[in-house]
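**Student:** Below you'll find the structure I mean.
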Amino acid sequence: ECLTDNRNRTAAEVRHAFTRAGGSLGTDGSVAWMFNRVGEVQLADGSDEDEALLAAADAGAEDIATEDGIVIVTCEPGAIQPVRAALEEAGFTVERSESVLRPSNTIELQAEGLGKVMRMIDALEDLDDVQKVSANFEADDAVMEAVLGDG
Numbered sequence: 008e009c010l011t012d013n014r015n016r017t018a019a020e021v022r023h024a025f026t027r028a029g030g031s032l033g034t035d036g037s038v039a040w041m042f043n044r045v046g047e048v049q050l051a052d053g054s055d056e057d058e059a060l061l062a063a064a065d066a067g068a069e070d071i072a073t074e075d076g077i078v079i080v081t082c083e084p085g086a087i088q089p090v091r092a093a094l095e096e097a098g099f100t101v102e103r104s105e106s107v108l109r110p111s112n113t114i115e116l117q118a119e120g121l122g123k124v125m126r127m128i129d130a131l132e133d134l135d136d137v138q139k140v141s142a143n144f145e146a147d148d149a150v151m152e153a154v155l156g157d158g
């Protein structure tokens with residue numbers, strides 16, 4: 008996702024980042040079908056999943072999940088503010104609330120492919136106009152650690 012005052016400059020910079028990483032830039036919308044835009048509201052560690060769902064259900068919460076102790080409430084992008092307000096009113100601390108692109112399907116990457124993708128993501132994130140990079144890959148923890156190291 009980019010925010011720019013010059014679409015041509017930004018497109019050229021993004022295209023250059025893809026080319027340097029050995030990829031190519033597709034046409035507008037060529038990968039949009041691979042992602043769904045959803046709202047996410049992340050709660051502070053230690054939040055109770057069941058209580059959060061009860062508090063946010065009437066405000067538009069669609070799903071709730073706990074991953075590594077972090078509770079994430081999912082909703083339509085237009086319901087982010089009402090869901091956040093309902094959770095805060097119920098006493099929950101909201102760490103983050105935003106609209107995100109979630110992949111419909113993911114692909115498993117091994118070390119070589121993961122290294123290339125991570126270098127391309129880093130190059131894209133270094134561009135001034137790029138606000139957020141979304142991807143549809145997964146990698147085993149051991150592969151991720153081997154590629155990224157500890158830090």
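Residue numbers (this note's numbering): 8 to 158. Cβ atoms here follow ideal geometry from the backbone N, Cα and C, with glycine treated the same way. Small disclaimer: the values here were computed from a predicted structure and weren't measured.
1. Alpha carbon to alpha carbon, how far is Glu-58 from Val-140? Give it in angstroms, no decimals.
2. Taking Leu-10 as part of the alpha helix (DSSP H), name the residues at either end of that continuous run.
3. Can you grab the Cα-Cα spacing for the pair Val-150 / Gln-117, in whole Å?
4. Considering only residues of the same chain and omitting the five flanking positions on each side of Leu-60, which have a CB-CB separation below 7 Å?
5. Please classify Glu-20: is it buried, with 16 or more other beta-carbons within 10 angstroms of its beta-carbon, or exposed?
6. Taking only runs that begin and end inside the stretch 73–109, name each unbroken alpha helix (DSSP H) of 4 or more residues, in chain order.
7. Grab the span of the beta strand (DSSP E) containing Glu-46 for me, first residue to last.
8. Just the C-alpha distance for Leu-155 and Ser-37, rounded to the nearest angstrom, thanks.
9. Would you kindly work out how many angstroms separate the C-alpha atoms of Phe-25 and Leu-32, rounded to a whole number?
10. With a cut-off of 8 Å, do at least 3 Cβ pairs link the stretch 94–107 to the stretch 39–55?
11. Whose CA, out of Gly-122, Glu-145, Glu-56, Ala-62, lies closest to the CA of Ser-111?
**Tutor:** According to the structure data:
1. Val-140 and Glu-58: Cα-Cα distance of roughly 32 Å.
2. That residue, Leu-10, is in no alpha helix (DSSP H); it is neither H nor E in DSSP.
3. For Val-150 and Gln-117, the gap between their C-alpha atoms comes out near 6 Å.
4. Ala-68, Ile-71
5. buried
6. 87–96
7. Checking the sequence shown, residue 46 turns out to be Gly, not Glu. Where Gly-46 is concerned, the enclosing beta strand (DSSP E) stretches over 42–50.
8. 29 Å
9. The straight-line gap from Cα to Cα measures roughly 6 Å.
10. Because the criterion of three Cβ pairs below 8 Å is met, the stretch 94–107 and the stretch 39–55 touch.
11. Glu-145
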